[in-house]
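This report concerns only the one structure given below.
There are 2 protein chains.
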Amino acid sequence: MAYDLFSRRGVRDVGVNELIERSGVAKATFYRHFPSKDSLVLAFLAQRDQLWTIETIVSQARLRGTTPTEQLLAIFDVFGDWFVRDDFEACSFINVLLEMGPAHPLGQASIDYLAKIRGHVQALAEEAGLQRTEDFSRSWHILMKGSIVSASEGDTGAAKRAQQMAGWLIEHHRS
Amino acid sequence: MAYDLFSRRGVRDVGVNELIERSGVAKATFYRHFPSKDSLVLAFLAQRDQLWTIETIVSQARLRGTTPTEQLLAIFDVFGDWFVRDDFEACSFINVLLEMGPAHPLGQASIDYLAKIRGHVQALAEEAGLQRTEDFSRSWHILMKGSIVSASEGDTGAAKRAQQMAGWLIEHHRS
DNA sequence: CGCGAGTAAGACTGGTCTGTCTCCCTTCAG
DNA sequence: CTGAAGGGAGACAGACCAGTCTTACTCGCG
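Here's what the structure looks like:
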C-alpha cells in the first residue's frame with residue numbers, strides 16, 4: 029500500500045493523510061505504529077531493499093546466469109526487462125537521496141542501502157575471481173545508476189548499453 | 029538568487045515566499061513577471077543549461093583538451109574538480125526529472141536539456157571521427173549521470189572511474 | 001457481566017504552500 | 001502640478017502538510 033505509493037510517486041509527494049485514507053486506518057493508529065512519517069519512510073526503504081534489491085534484482089540475476097560472471101552481466105538483463113515496464117518507477121534509493129540530500133537521515137539511509145547493493149556486486153565479483161573488487165563494484169554501480177537515470181529519460185536501450193560497458197569492465201578486472 | 033537556491037536545495041524545497049523575501053521584490057511584482065512558480069523553474073533550467081552545461085562543463089572541457097578525444101575525456105576531469113567542491117549540488121536536470129517525473133512539464137524540460145548535453149557529446153564524437161556517435165553519446169551519458177549520482181553518495185573518485193570506462197568506450201567506437 | 005485495549009472517524013493545531021488582491025508610496029511624463 | 005504606471009509590503013484565500021487529541025465503538029479476557 030504505502031510501498032506502491034512511495035515507490036511510484038516519491039516519498040515527498042505522498043502525504044500521511046492520503047496513506048491513512050487509502051489504507052482505511054485511523055490517524056491515531058498510524059502514529060501508534062510509527063512515531064513520524066520519516067520512520068514509515070525508513071520502513072519503506074527497508075522493504076524496498078528486501079523486495080526489489082534482494083528478491084528481484086539479485087535473486088533474478090543469480091537465477092539467469094550459471095557462472096558468477098554471467099550472473100553479474102545478467103543484472104542488466106533484469107534491468108532491461110524492468111526498464112520497459114509501464115510501471116517503471118526508477119530507484120527509490122536514488123530518488124530519496126537526491127530529494128532529501130545526503131545530510132538528511134533518509135538520504136543517509138538511502139546511501140546505506142545503495143552501499144548494500146554495491147556489496148552484492150562485490151560479492152559476485154569475488155566469486156568470479158576478479159581483481160580489486162571494491163573498485164570494480166564502484167565502477168559497476170556507476171553503470172547501474174547511470175542506466176536507471178537514462179531509463180527514466182525514456183532510453184529503453186540503456187540496459188544493453190550499460191551491459192556492454194560492464195563486459196569491458198569485467199575484462200579489465202580479470203588480471 | 030533563485031538560481032543558487034534552486035540548484036542547491038531543489039526546486040521543490042524552495043517556495044515562492046522565500047524567493048520573494050530574499051530578493052526584496054513584492055509578490056505581485058514576481059507574479060507579473062512569471063505567471064506561475066513553474067515558469068520560474070523553467071527559466072531556472074534554461075539558466076542552468078547556459079551557466080552550467082555550456083559555460084562550465086562544455087567550455088571547460090574544450091579548454092582542457094587539444095584534440096576532440098582529449099576534450100571528451102576532459103569532461104570527467106571537470107567532473108572530478110566539481111565533485112570535490114563543498115557546494116556540489118548534483119545535476120539539477122536529473123534532480124528535477126526524478127522529483128517531478130517524466131510526465132510533468134518540468135520533467136519533460138529536464139529531459140530536453142539532458143538531450144542537449146548528449147548533443148554536445150555527440151558533436152565532440154563527430155569531431156573525433158568516432159563511429160555510431162548516437163549510441164556513443166548515449167553510453168557516454170550513462171557514465172556522466174552514473175558518476176554524478178555516485179558523487180552524491182560521497183564517492184569523490186567517481187569521475188576517475190567513469191573516465192576509465194569512457195576511455196574503453198572511445199576505443200570501441202574508433203572502428 | 002465489566003473492564004480495558006485497540007481502533008475508526010475525524011476535528012483540530014499550527015504551520016506551510018501557491019497565487020490573488022489591496023494599500024500606499026515613488027517615479028516620471030506631459 | 002497632475003495623473004498614470006509600477007513596485008514594495010503584506011493581508012488574505014484556499015488548499016495542503018505533519019502531528020495531536022477526542023469521541024464512540026467493538027472486541028477479547030477475566
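Listed in order, the protein sequences are those of chains R and X. For the first sequence, our numbering assigns the number 29 to the initial residue and increments by one for each residue that follows. For the second sequence, our numbering assigns the number 29 to the initial residue and increments by one for each residue that follows. For each residue, glycine too, the CB sits at the ideal point set by N, CA and C. Only a predicted model underlies this, so the values are computations on that prediction, with no experimental measurement involved.
Any C-beta of chain R under 8 Å from that of residue i
{"i": "Asp109/X", "result": "no"}
{"i": "Val44/X", "result": "no"}
{"i": "Ile139/X", "result": "yes"}
{"i": "Glu127/X", "result": "yes"}
{"i": "Arg189/X", "result": "yes"}
{"i": "Arg76/X", "result": "no"}
{"i": "Arg206/X", "result": "There is simply no residue 206/X to check, as chain X begins at 29 and stops at 203 in what is shown."}
{"i": "Leu73/X", "result": "no"}
{"i": "Leu70/X", "result": "no"}
{"i": "Ala89/X", "result": "no"}
{"i": "Glu30/X", "result": "Rather than Glu, the amino acid found at residue 30/X in this sequence is Ala. Closer than 8 Å: no."}
{"i": "Leu142/X", "result": "yes"}
Any chain X beta carbon closer than 8 Å to residue i
{"i": "Val149/R", "result": "no"}
{"i": "Ser209/R", "result": "Residue 209/R lies beyond the stretch modelled for chain R, which goes from 29 to 203, so this question has no answer here."}
{"i": "Ser178/R", "result": "yes"}
{"i": "Trp196/R", "result": "yes"}
{"i": "Pro133/R", "result": "no"}
{"i": "Ile122/R", "result": "yes"}
{"i": "Glu181/R", "result": "yes"}
{"i": "Ala186/R", "result": "yes"}
{"i": "Ala102/R", "result": "no"}
Proximal residues to residue i (C-beta, below 8 Å), its chain only, five neighbours per side dropped
{"i": "Ser165/R", "result": "Arg146, Gly147, Val149, Gln150, Ala153"}
{"i": "Leu73/R", "result": "Ser120, Phe121, Val124, Leu134, Ala137, Ser138, Tyr141"}
Beta carbon of residue i nearer than 8 Å to that of residue j
{"i": "Pro96/X", "j": "Glu162/X", "result": "no"}
{"i": "Gln99/X", "j": "Gly93/X", "result": "yes"}
{"i": "Asp115/R", "j": "Arg202/R", "result": "no"}
{"i": "Ser180/X", "j": "Ala137/X", "result": "no"}
{"i": "Leu79/R", "j": "Ala30/R", "result": "no"}
{"i": "Val87/X", "j": "Ile170/R", "result": "Inspection of the sequence shows that residue 87/X is occupied by Ser rather than by Val. No, the pair does not count as a contact, with Cβ atoms beyond the cut-off."}
{"i": "Ser167/X", "j": "Leu197/X", "result": "yes"}
{"i": "Lys144/R", "j": "Asp41/R", "result": "no"}
{"i": "Met193/R", "j": "Met172/X", "result": "no"}
Nonlocal neighbours in the same chain, by C-beta distance under 6 Å from residue i, ignoring five residues either side
{"i": "Leu142/X", "result": "Phe121"}
{"i": "Gly135/R", "result": "Leu125, Met128, Gly129"}
{"i": "Ala190/X", "result": "Phe104, Leu171, Ser175"}
Same chain only: Cβ atoms within 7 Å of residue i, ignoring 5 sequence neighbours per side
{"i": "Asn123/R", "result": "Gly38"}
{"i": "Ile139/X", "result": "Leu125, Pro130"}
{"i": "Gln75/X", "result": "Tyr31"}
**Cβ-based contacts, 8 Å cut-off: residues of the region 151 to 176 of chain X near chain R** = Asp163, Arg166, Ser167, His169, Ile170, Leu171, Met172, Lys173, Gly174, Ser175
**Message:** Beta carbons nearer than 7 Å to chain R: which residues of the region 41 to 65 of chain X have them?
**Reply:** none
**Request:** Please go through the region 47 to 133 of chain X and give each complete alpha helix (DSSP H) segment of 4 or more residues, from N-terminal end onward.
**Result:** 55 to 61, 65 to 76, 87 to 92, 96 to 111, 120 to 128
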